[in-house]
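K.L.:
Dropping a structure here in structure tokens format, bear with me for questions.
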Amino acid sequence: MQALFGQLLIGLINGAFYAMLSLGLAVIFGLLNIINFTHGAQYMMGAFCAWFLLNKAGVGYWWALLLAPIIVGAIGIVIERTMLARLYKLDHLYGLLLTFGLALIIQGVFRNEFGSSGLPYQIPSELTGGMNLGFMFLPIYRGWVIVASLVLCFSTWYVIERTKLGSYLRAATENPTLVQAFGVNVPRMITLTFGFGVGLAALAGVMAAPIYQVNPLMGADMIIVVFAVVVIGGMGSIMGAILTGFGLGVVEGLTKYFYPEASNTVIFVVMVIVLMFRPAGLFGRER
Amino acid sequence: MLIGTGLMTVALAVAPLVGVYPVFLMKALCFALFACAFNLLLGFGGLLSFGHAMFLGTAGYVCAHAAKVWGFSPELAIATGTAAAALLGAVVGSLAIRRQGIYFAMITLAVAQMMYFFYLQTPFTHGEDGIQAVPRGRLFGLLDLSQPLAMYYTVLTIFIAGFLLIYRIIHSPFGQVLKAIRENEPRAISLGYDADRYKLLAFVLSATLAGLAGATKAIVFQLASLTDVHWSMSGEVVLMTLLGGMGTIFGPVVGAFVIAGLENYLAGFGEWVTIITGVIFVVCVLAFRRGIVGEIAAWWARRAA
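Each protein sequence line maps, in turn, to chains U and A. Quick note on my numbering: the first sequence kicks off at 1 and runs consecutively. Quick note on my numbering: the second sequence kicks off at 1001 and runs consecutively.
Next comes the structure, spelled out in structure tokens:
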């Protein structure tokens, strides 16, 4: 029983990261029509940013939660302005290829500097220790990650689906030309949306730093799983990305308990099954 | 085109005799066939597969296993490996063509990653070690392939045959319909073409030829390993095609030779290979979308006009 709940917890944690990353991908895809292959690298940069802030500037975890997304998001904005903006009129595939190349560069540079072994990052002192819930032992930091990511995901959902700002965003997703004609600065909105999506990835990276080690390749394999999550959920809805992310994390955790050999592949198998019966994804619409 | 192919064949046939290292040439030729197969799908079908390594790797593993464990002769082992890739192509293709554009790329990438984990765990591939010391054997029981030049001319023959087949496919009615679907799928459908069947056939053909390249590579290097199924290999073939020129006949060949040469040259620099690969990607996408051959063709056309 202990082991089952332990795997479920790990599943929920992984699910939290899948949800945050696929949410960022979905927001960026909605407006820019680009699949951001750099997303995994930006998640890794978030974790490294936290590590740098702590070890080179003495800035702790809580400030890193705020600063790392801003720094990495700003880098994302520079990338969008200088490179991605040139590709909007072309086939969407070029955006994928460009961001793939950028991801290779970023990961290569970090591996050159730090090798491929991980760097440790301490759990902040406020969140060390654990709670005994009766049926299992819950490390407080892991509980915090689940709660924080839920809050983050649902506030993003709220902003996009329920506020005025979000309505502009959704409208620009449907018909950018018309929204521009109403006096909304769409290019700026695109830039800020990209920055926001990248910032979200960096934030996930900071939260991941104490759990996994800070490693140049931490995003590379993650991003492929997140792509599968996005295909399963369909990119039509924000809520879909959140639910699919958490759900698949749990499925993966359960597989680790019942049939560990398949735990690496289960998400891809789910993707194949979903594609056979609902090609548009669980929450998606055909476009 | 005919002159070009002739010149290429002669140049490649003479190359090892004038001192170019045959092992390098054979590696480049395998990659060139792989890239040509990939280009058939991307350049002429408009479908970007980000998981083509799975066909290269699958064929490599099956071929190596057939030659080493089952004791197949090289031509039979290569045929078995190629058939395995074709079968996998039919299964993956029928799934992936349900979605288009970006989704197609993500699906193929995810399925390829699944195959990677499968090969990592299944016993017959020997995990991280790969299948080593694959016997080269005697081609048709006659030609001893452990002779470097015999091996080289076999690889060259396979490459030229594959290259000509792809040329034939592109210029057949089937190839024309494929281009029509790439340009305007709804219109092609309204003209009565079953777009999905054409796309699936293109996918299977591309997977098969990629498999041929992978199986040949396994015999040449006497090795089938995880490198050939990893996603970075899928990225590499995209790069070769993009750099050489998507949708051109000779582009992938040029791209494959440039990238293979670059890797040979930079082999001692570790991570710099990844970084430079990334930089070439970015430069190609931003400034050089027609690729080397495409740019030359455009320059030629401008000059003629």
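C-beta: ideal position from N, C-alpha, C; glycine also.
1. What is the rounded straight-line gap between the Cα of Ile79(U) and the Cα of Ser22(U)?
2. I need the DSSP call for Ala1133(A), collapsed to helix, strand or coil.
3. What first and last residue would you give for the beta strand (DSSP E) that runs through Asn132(U)?
4. For Phe283(U), which residues in chain B fall below 7 Å Cβ to Cβ?
5. Could you spell out the range, first to last residue, of the alpha helix (DSSP H) harbouring Phe52(U)?
6. Check whether the Cβ atoms of Phe1163(A) and Cys1036(A) lie closer than 8 Å to each other.
7. Which same chain residues end up closer than 8 Å to Gly1121(A) when comparing Cβ atoms and leaving out the 5 residues on each side of it in sequence?
8. For Val266(U), which residues from the same chain have a beta carbon less than 7 Å from its beta carbon, with the 5 sequence-adjacent residues on both sides left out?
9. With a threshold of 7 Å on Cβ separation, who are the neighbours of Arg287(U) within its own chain once the five nearest residues in sequence on each side are excluded?
10. Within 8 Å (strictly less), CB to CB, does Val27(U) reach chain A?
11. Can you tell me the Cα-Cα spacing of Gly1211(A) and Leu1088(A), whole angstroms?
12. Can you give me the C-alpha to C-alpha distance between Ile123(U) and Gly1244(A), rounded to a whole angstrom?
13. Which of the three DSSP states is assigned to Val1273(A) in this structure?
14. With 8 Å as the threshold, decide whether the Cβ of Tyr1103(A) is near any Cβ in chain U.
15. Count the other C-beta atoms from every protein chain shown that fall within 10 angstroms of the C-beta of Arg162(U), then say buried if there are 16 or more, exposed otherwise.
16. Who does Phe137(U) pair with in a DSSP beta bridge?
17. Am I right that Phe1050(A) and Ser1234(A) are in contact with their C-beta atoms under 8 Å? What's the rounded C-beta distance?
18. Report yes if the C-beta distance between Leu282(U) and Gly240(U) is below 8 Å; otherwise report no.
19. Near Thr1216(A), which residues of its chain fall below 7 Å by C-beta distance, leaving aside the five closest residues on each side in sequence?
20. Round the Cβ separation of Val1313(A) and Leu98(U) to the nearest angstrom and send it over; I've been treating them as touching at under 8 Å.
21. Could you tell me the distance, in whole angstroms, from the CA atom of Gly1270(A) to the CA atom of Ala1032(A)?
22. Under a Cβ-count criterion, where at least 16 other Cβ atoms within 10 Å of its own Cβ denotes burial, should Asn264(U) be classed as buried or exposed?
23. Could you check what DSSP says for Ala181(U) in three-state terms: helix, strand or coil?
24. Would you verify that the beta carbon of Arg1182(A) is, or is not, closer than 8 Å to some beta carbon of chain U?
P.N.:
Checking against the coordinates, here is how it stands:
1. On the first sequence, position 79 is the one that residue 79(U) refers to. On the first sequence, position 22 is the one that residue 22(U) refers to. One alpha carbon belongs to Ile79(U), the other to Ser22(U), and they sit about 20 Å apart.
2. Sequence index remark: in the second sequence, residue 1133(A) carries index 133 (1-based). Note: Ala1133(A) maps to coil in three-state DSSP.
3. Counted from its first residue, the first sequence places residue 132(U) at position 132. Where Asn132(U) is concerned, the enclosing beta strand (DSSP E) stretches over Gly130 to Asn132.
4. No chain B appears in the structure shown, which is made up of the protein chains U and A.
5. As a first step, residue 52(U) must be located in the first sequence, where it is residue number 52. Counting along the chain, Phe52(U) sits inside the alpha helix (DSSP H) bounded by residues His39 to Ala57.
6. By 1-based counting over the second sequence, the position of residue 1163(A) is 163. By 1-based counting over the second sequence, the position of residue 1036(A) is 36. Contact annotation: Phe1163(A) and Cys1036(A) have beta-carbon atoms nearer than 8 Å.
7. Within the second sequence, the letter at position 121 stands for residue 1121(A). Inspection of the sequence shows that residue 1121(A) is occupied by Gln rather than by Gly. For Gln1121(A), the CB contacts under 8 Å within the same chain, skipping 5 residues up- and downstream, are Gly1127 in chain order.
8. Taking the first residue of the first sequence as 1, we reach residue 266(U) at position 266. So the list reads Val251, Glu252 and Thr255, once near-sequence residues are dropped.
9. Here residue 287(U) is taken as the residue at index 287 of the first sequence, counted from 1. Bear in mind that a pLDDT of 47 at Arg287(U), under 50, signals an unreliable position, so the model cannot answer this.
10. Position 27 of the first sequence holds residue 27(U). Under the 8 Å criterion on CB atoms, Val27(U) is classed as non-interfacial with respect to chain A.
11. As a first step, residue 1211(A) is located in the second sequence; it is residue number 211 there, counting from the start. As a first step, residue 1088(A) is located in the second sequence; it is residue number 88 there, counting from the start. In this structure, the alpha-carbon of Gly1211(A) lies about 10 Å from that of Leu1088(A).
12. Mapped onto the first sequence, residue 123(U) falls at position 123. Mapped onto the second sequence, residue 1244(A) falls at position 244. Rounded to whole angstroms, Ile123(U) to Gly1244(A) spans 49 Å at the Cα level.
13. The residue labelled residue 1273(A) in the question sits at position 273 within the second sequence. Look at Val1273(A) here: in three-state DSSP terms it is helix.
14. Here the question's residue 1103(A) lines up with position 103 in the second sequence. For Tyr1103(A), the answer is yes, since a Cβ of chain U falls inside 8 Å of its Cβ.
15. Position 162 of the first sequence, counting from 1, holds the residue named residue 162(U). Per the 10 Å Cβ criterion, exposed.
16. Position 137 of the first sequence, counted from the start, is the residue given in the question as residue 137(U). The partner list for Phe137(U) (beta bridge, DSSP) reads Asn132(U).
17. Taking the first residue of the second sequence as position 1, residue 1050(A) is located at position 50. Taking the first residue of the second sequence as position 1, residue 1234(A) is located at position 234. The beta-carbon distance between Phe1050(A) and Ser1234(A), rounded to whole angstroms, is 5 Å. This is short enough to meet the 8 Å contact definition.
18. What you label residue 282(U) is simply residue 282 of the first sequence in a count that begins at 1. What you label residue 240(U) is simply residue 240 of the first sequence in a count that begins at 1. Judged by their CB atoms, Leu282(U) and Gly240(U) are nearer to each other than the 8 Å cut-off.
19. Residue mapping note: residue 1216(A) aligns to position 216 of the second sequence, counting from 1. Within the same chain, Cys1030, Ile1078, Val1155 and Ile1158 come within 7 Å of Thr1216(A) by CB-CB distance, once the 5 residues on both sides are set aside.
20. A question about residue 1313(A) goes unanswered here, because the residues of chain A that appear run from 1001 up to 1305.
21. For this step, residue 1270(A) is matched to residue 270 along the second sequence. For this step, residue 1032(A) is matched to residue 32 along the second sequence. Those two C-alpha atoms are separated by around 23 Å.
22. As a first step, residue 264(U) is located in the first sequence; it is residue number 264 there, counting from the start. Classification of Asn264(U): buried, given that the 10 Å Cβ count is 16 or more.
23. By 1-based counting over the first sequence, the position of residue 181(U) is 181. Residue state, collapsed to three classes: helix.
24. By one-based count along the second sequence, residue 1182(A) stands at place 182. The Cβ of Arg1182(A) sits no closer than 8 Å to any Cβ of chain U.
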